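Chemist: These protein sequences, in sequence, are chains Z and R. All residue numbers in the first sequence are consecutive under this note's numbering, ending with 826. All residue numbers in the second sequence are consecutive under this note's numbering, ending with 935.
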Amino acid sequence: MSSAQIEIQLIASLVAVACAIPGTFLVLRKMAMISDAISHSILPGIVVGFFITQDLNSPLLILLAALTGVVTVVLVEYIQKTGLVKEDTAIGLVFPVLFSIGVLMIAKKANDVHLDIDAVLVGELALAPFDRLLISGVDVGPKALWVIGVILIITIVLLLAFFKELKLSTFDKGLAASLGFSPVIIHYGLMTVSSITTVGAFDAVGAILVVALMIAPAATAYLLTTDLKKMLSLSILFGVFSAIAGYWVAHQLDASISGSITTVLGFLFLLVYLFAPSKGVFAVMYREKQQRTEVSLLTFLLHLKNHDEERERHVNHLNEHINWQKVRSKTVLDLALKNNMIEINKNIVSLTVKGNAFTTQAIDYIITNEDAQIEDMKDDFFLFRG
Amino acid sequence: MKQNIAVQVDDLTVAYNYKPVLWDIDLEIPEGVLMAIVGPNGAGKSTLIKSILGILKPIAGSVRIYGKSYEKQRSLVAYVPQKGSVDWDFPTTALDVVTMGTYGSLGWIKRPRQKQKKAALEALEKVGMLAFKSRQISQLSGGQQQRIFLARALVQDAAIYFMDEPFQGVDATTEIAIINILKELRKAGKTVIVVHHDLQTVPEYFDWVTFLNVKKIATGPVRDIFNDDNLTKTYGINYKVSIQE
Ligand SMILES: Nc1ncnc2c1ncn2[C@@H]1O[C@H](COP(=O)(O)OP(=O)(O)OP(=O)(O)O)[C@@H](O)[C@H]1O
Ligand SMILES: [Mg+2]
Numbered sequence: 441m442s443s444a445q446i447e448i449q450l451i452a453s454l455v456a457v458a459c460a461i462p463g464t465f466l467v468l469r470k471m472a473m474i475s476d477a478i479s480h481s482i483l484p485g486i487v488v489g490f491f492i493t494q495d496l497n498s499p500l501l502i503l504l505a506a507l508t509g510v511v512t513v514v515l516v517e518y519i520q521k522t523g524l525v526k527e528d529t530a531i532g533l534v535f536p537v538l539f540s541i542g543v544l545m546i547a548k549k550a551n552d553v554h555l556d557i558d559a560v561l562v563g564e565l566a567l568a569p570f571d572r573l574l575i576s577g578v579d580v581g582p583k584a585l586w587v588i589g590v591i592l593i594i595t596i597v598l599l600l601a602f603f604k605e606l607k608l609s610t611f612d613k614g615l616a617a618s619l620g621f622s623p624v625i626i627h628y629g630l631m632t633v634s635s636i637t638t639v640g641a642f643d644a645v646g647a648i649l650v651v652a653l654m655i656a657p658a659a660t661a662y663l664l665t666t667d668l669k670k671m672l673s674l675s676i677l678f679g680v681f682s683a684i685a686g687y688w689v690a691h692q693l694d695a696s697i698s699g700s701i702t703t704v705l706g707f708l709f710l711l712v713y714l715f716a717p718s719k720g721v722f723a724v725m726y727r728e729k730q731q732r733t734e735v736s737l738l739t740f741l742l743h744l745k746n747h748d749e750e751r752e753r754h755v756n757h758l759n760e761h762i763n764w765q766k767v768r769s770k771t772v773l774d775l776a777l778k779n780n781m782i783e784i785n786k787n788i789v790s791l792t793v794k795g796n797a798f799t800t801q802a803i804d805y806i807i808t809n810e811d812a813q814i815e816d817m818k819d820d821f822f823l824f825r826g
Numbered sequence: 691m692k693q694n695i696a697v698q699v700d701d702l703t704v705a706y707n708y709k710p711v712l713w714d715i716d717l718e719i720p721e722g723v724l725m726a727i728v729g730p731n732g733a734g735k736s737t738l739i740k741s742i743l744g745i746l747k748p749i750a751g752s753v754r755i756y757g758k759s760y761e762k763q764r765s766l767v768a769y770v771p772q773k774g775s776v777d778w779d780f781p782t783t784a785l786d787v788v789t790m791g792t793y794g795s796l797g798w799i800k801r802p803r804q805k806q807k808k809a810a811l812e813a814l815e816k817v818g819m820l821a822f823k824s825r826q827i828s829q830l831s832g833g834q835q836q837r838i839f840l841a842r843a844l845v846q847d848a849a850i851y852f853m854d855e856p857f858q859g860v861d862a863t864t865e866i867a868i869i870n871i872l873k874e875l876r877k878a879g880k881t882v883i884v885v886h887h888d889l890q891t892v893p894e895y896f897d898w899v900t901f902l903n904v905k906k907i908a909t910g911p912v913r914d915i916f917n918d919d920n921l922t923k924t925y926g927i928n929y930k931v932s933i934q935e
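(1) Could you tell me if His627 (chain Z) is buried or exposed, where buried requires 16 or more neighbouring beta carbons within 10 angstroms of its beta carbon?
(2) State buried or exposed for Asp779 (chain R), treating a residue as buried only when at least 16 other CB atoms are found within 10 Å of its CB.
(3) Restricting to runs no shorter than 4 residues, where is the alpha helix (DSSP H) found entirely within the segment 546 to 598 of chain Z?
(4) Do you know whose CA, among Z:Asn779, Z:Leu777, Z:Ala797 and Z:Val755, lies nearest Lys786 (chain Z)'s CA?
(5) Going by the C-beta, is Val728 (chain R) closer than 8 Å to any heavy atom of ligand 2?
(6) Should Ile806 (chain Z) be flagged as near chain R, meaning a C-beta pair shorter than 9 Å?
(7) Determine, for Glu761 (chain R), whether the minimum Cβ-Cβ distance to residues of chain Z falls below 9 Å.
(8) So is Met671 (chain Z) in contact with chain R if we call contact Cβ pairs under 9 Å?
(9) Roughly how many angstroms separate the alpha carbons of Lys877 (chain R) and Gln858 (chain R), rounded to a whole number?
(10) In its own chain, which residues sit with a C-beta less than 7 Å from the C-beta of Val562 (chain Z), not counting the 5 before and 5 after it?
(11) Which chain R residues sit within Cβ distance under 9 Å of Leu668 (chain Z)?
(12) Taking C-alpha atoms, which residue in R:Ala821, R:Ala810 and R:Gly734 lies nearest to Val904 (chain R)?
(13) May I have all residues whose beta carbon comes closer than 7 Å to any heavy atom of ligand 2, sorted in chain order?
(14) Between Z:Met781, Z:Val704, Z:Gly679 and Z:Ser475, which lies nearest to Ile451 (chain Z) when the distance is taken from Cα to Cα?
(15) Run the proximity test for Tyr769 (chain R): is its beta-carbon closer than 8 Å to any non-hydrogen atom belonging to ligand 1?
(16) Using DSSP with H/G/I as helix, E/B as strand and the rest coil, what is Met853 (chain R)?
(17) Straight-line CA distance for Asp774 (chain Z) to Met817 (chain Z)?
(18) What whole-angstrom Cβ distance do Ser682 (chain Z) and Ala506 (chain Z) have, given they're in contact under 8 Å?
(19) Is Tyr706 (chain R) near ligand 3, judged by its Cβ being under 8 Å from some heavy atom?
(20) Does the distance from the C-beta atom of Ala867 (chain R) to that of Val788 (chain R) stay below 9 Å?
(21) Return the residue from the list R:Glu718, R:Leu889, R:Gln834 and R:Ile907 that minimises the CA-CA distance to Thr863 (chain R).
(22) Using a threshold of 8 Å, is the CB atom of Val513 (chain Z) nearer than that to any non-hydrogen atom of ligand 1?
(23) Just the C-alpha distance for Gly485 (chain Z) and Ser475 (chain Z), rounded to the nearest angstrom, thanks.
(24) Below 6 Å CB to CB, which residues in the same chain sit around Ile715 (chain R) once its five sequence neighbours on both sides are set aside?
(25) To which residues of the same chain is Val650 (chain Z) closer than 8 Å at the C-beta, ignoring the five residues directly before and after it?
(26) What residue from R:Ile727, R:Pro748 and R:Ile695 has the CA that sits closest to Arg754 (chain R)'s CA?
(27) For the segment 738 to 756 of chain Z against the segment 788 to 803 of chain Z, are there 3 or more C-beta pairs whose distance is under 8 Å?
(28) For Asp847 (chain R), decide whether its Cβ has a neighbour in chain Z, counting only Cβ atoms nearer than 9 Å.
(29) Closest by CA to Ile883 (chain R), which one among R:Val711, R:Tyr706 and R:Pro720?
(30) So is the beta-carbon of Val711 (chain R) under 8 Å away from any non-hydrogen atom of ligand 1?
(31) Starting from the C-beta of Ala685 (chain Z), find all residues in its chain whose C-beta is less than 6 Å away, skip the five residues before and the five after it, and write them out in chain order.
(32) Going along chain Z in order, which residues have a C-beta closer than 8 Å to the C-beta of Lys740 (chain R)?
(33) Might you give, ordered along the chain, the residues of its own chain that have their beta carbon closer than 6 Å to the beta carbon of Ser828 (chain R), omitting 5 neighbours on each side?
(34) Please report whether the beta-carbon of Asn707 (chain R) lies at a distance below 9 Å from any beta-carbon of chain Z.
(35) For Trp798 (chain R), does the three-state DSSP call read helix, strand or coil?
(36) Considering only DSSP beta bridges, list what Trp898 (chain R) is partnered with.
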């Protein structure tokens, strides 16, 4: 690997981490669309900043553009508060206007400004290593690396300091307010960090990849865990993995790096969406099937408990009586046998002691409506386990 | 002997989008009562609580907690929001939610430690939910979620408790468990204010009641003012409840 290649991957990875952190909270606050809005509406801020500083990496430009991001949020909320339109409509109203203002400004001054809209939206990661930061003549690395590195450090410090506040106000705004943690301050803090990250990253990776890196890793992680800290770590992991894998995909296909990273992100999400252990599509299908079988099993055991007569408990009779197809009956019968709930003697089925105890307890819980208890009970009887 | 006033509300008017939903509310809640706030859907019950707790800014009026502004008395007040007000799919556990009750005493930046965790476990124990401490909150039943919210308020160890419909969607057993905890709080000298919908149980559960429907209709001891007249004024239709003596 050349040093430029390493630098590109490093920049992409840092951007991924810097995006995953605010992204996790945006996803949990159901504000994914806001990051899209910010990423577009910062354009006029960037242009004005560029007129003033003539340097896409200047801190002043970043602050000015980030301010436009926060203004977007304020405008969206203001329009929403009038109660005339919903939030998504408000977002759809605000950011195209701000974006177009930026486009017009670029077009007007196109001659003396070296800044084009493509670069803002898609970025050019491959060129990032060529823009070096010189400190009194010494080359200390690509500018983009420094910009995003500083932003990342600020983000991490803020996360560590205000993790508790972020969690509380994201989960329960009302309680946060009543305990004196102003949700408004935390909200705008998060919006400011998101805006700064977007601006700092757009030059290297483009606005669209920023949005993808904020939302996709967090949405993927959300499907895999029920713990906020793990969700944060997983988001970061997925972001960095996609950044590096995307780089090599682009390298192989000689394609755009940003485009490849976004594709990897989408692919990763799809995989997890299908195969996640508890929330994935297949897991849900499997669970539903298993629940159907469990209910059948219980019905079957109840039938056995209710009938002493041998003819009611004959294997063949059960097929007709409970009115199941052959396959279903066989599954249920096998399951009951495997768990030692029943015994079959000369084709007559009867409950074992364990089966009897299980059925009695199950009836109790069904009558008292305590679903949770049935789940615990299944653990006790090792049903379907092992 | 004059009783202390725990909560005093004067001329409170609150509006959403300039449409007032609470008009000129005056309310005095004496210390140590277990009070029900009753009124139809949309009467402004939740809004009243949120305004007292500084979650909403009123357009007029003032709120005093033991004679001082809410900001100064935060640590004296605990709050159980309406259950539907949070996202139960949020990635966190029962214990973690209860621990959030300690954040107020911690202040900004400081993290909960062993002491806070212990308090949270004790509160979980009190509401009979210790066995569920590591459960993800979406995997709790409605009644269990309600108990978690109650535990979170208990851990705040406050003097005044505001609860927005703690009996919403809970079964008889949980309802009795919750009301017993509330009565214990009252016995310990705390003031408990509960938004309540089941009019039948008001005389049995509460000793104080406030009728609210945009305006305050009446407030006082249940045995004096919980009558068909006030109910009719509040709910608009002719109401008949048999009050148990
Ligand atoms: N965020 C909001 N924006 C606009 N209007 C609101 C908002 N919240 C509540 N309202 C309106 O304010 C009025 C009072 O609402 P509030 O939630 O206080 O009623 P409530 O008495 O608690 O009702 P419920 O018994 O249904 O909980 C209602 O008419 C409601 O539509
Ligand atoms: Mg309400």
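All C-beta atoms, glycine included, are put in the ideal place defined by N, C-alpha and C. It should be emphasised that the depicted structure is a prediction, and the values quoted were computed from it without experimental measurement.
Modeler: Reading from the atomic positions:
(1) Looking at its Cβ environment, which holds 16 or more other Cβ atoms inside 10 Å, His627 (chain Z) is buried.
(2) With fewer than 16 other beta carbons inside 10 angstroms of its own, Asp779 (chain R) counts as exposed.
(3) With a minimum length of 4 residues, the continuous alpha helix (DSSP H) runs that stay inside the segment 546 to 598 of chain Z are 557 to 562.
(4) Nearest Cα to Lys786 (chain Z) within the set Z:Asn779, Z:Leu777, Z:Ala797 and Z:Val755: Z:Val755.
(5) Checking every heavy atom of ligand 2 against the Cβ of Val728 (chain R), none is found closer than 8 Å.
(6) No, its Cβ sits nowhere closer than 9 Å to a Cβ of chain R.
(7) By this cut-off, Glu761 (chain R) is an interface position.
(8) Met671 (chain Z) counts as touching chain R.
(9) So the alpha carbons of these two residues sit roughly 24 Å apart.
(10) Same-chain partners within the cutoff: Gly646, Ile648, Ser696 and Ser698.
(11) Phe780, Pro781, Thr782 and Asp786, listed in chain order.
(12) When each option's Cα is compared against that of Val904 (chain R), the closest is R:Gly734.
(13) The answer, residue by residue, is R:Lys735, R:Ser736, R:Gln772, R:Asp854, R:Glu855 and R:Val885.
(14) For Ile451 (chain Z), the closest of Z:Met781, Z:Val704, Z:Gly679 and Z:Ser475 by C-alpha to C-alpha distance is Z:Gly679.
(15) No, the Cβ of Tyr769 (chain R) stays beyond 8 Å of every heavy atom of ligand 1.
(16) Strand at Met853 (chain R).
(17) So the two alpha carbons sit approximately 20 Å from each other.
(18) Between Ser682 (chain Z) and Ala506 (chain Z) the beta-carbon gap is near 25 Å, outside 8 Å, which marks them as no contact.
(19) Ligand 3 is absent from the structure shown, which contains only ligand 1 and ligand 2.
(20) No, the pair does not count as a contact, with Cβ atoms beyond the cut-off.
(21) Checked all of R:Glu718, R:Leu889, R:Gln834 and R:Ile907; the closest Cα to Thr863 (chain R) is R:Gln834.
(22) No, the beta carbon of Val513 (chain Z) sits no closer than 8 Å to any heavy atom of ligand 1.
(23) Ser475 (chain Z) has its alpha-carbon roughly 16 Å from the corresponding atom of Gly485 (chain Z).
(24) Excluding residues within five positions, the ones whose Cβ falls inside 6 Å are Val699, Leu702 and Lys906.
(25) Contacts found: Val455, Cys459, Ser475, Ser479, Thr637, Thr638, Ala641 and Phe642.
(26) Arg754 (chain R) has its Cα closest to that of R:Ile695, out of R:Ile727, R:Pro748 and R:Ile695.
(27) In this structure the segment 738 to 756 of chain Z touches the segment 788 to 803 of chain Z; the number of beta carbon pairs closer than 8 Å is three or more.
(28) Contacts with chain Z at 9 Å (Cβ-Cβ) do not include Asp847 (chain R).
(29) If we check each option's Cα against that of Ile883 (chain R), R:Pro720 comes out closest.
(30) A heavy atom of ligand 1 is found nearer than 8 Å to the CB of Val711 (chain R).
(31) Hits under 6 Å: Val704.
(32) Here the neighbours are Gly614.
(33) These residues qualify, in order along the chain: Trp778 and Asp779.
(34) So, interface residue.
(35) Looking at Trp798 (chain R) - three-state DSSP - the assignment turns out to be coil, as it is neither helix nor strand.
(36) BP columns for Trp898 (chain R) point to R:Met725 and R:Pro911.
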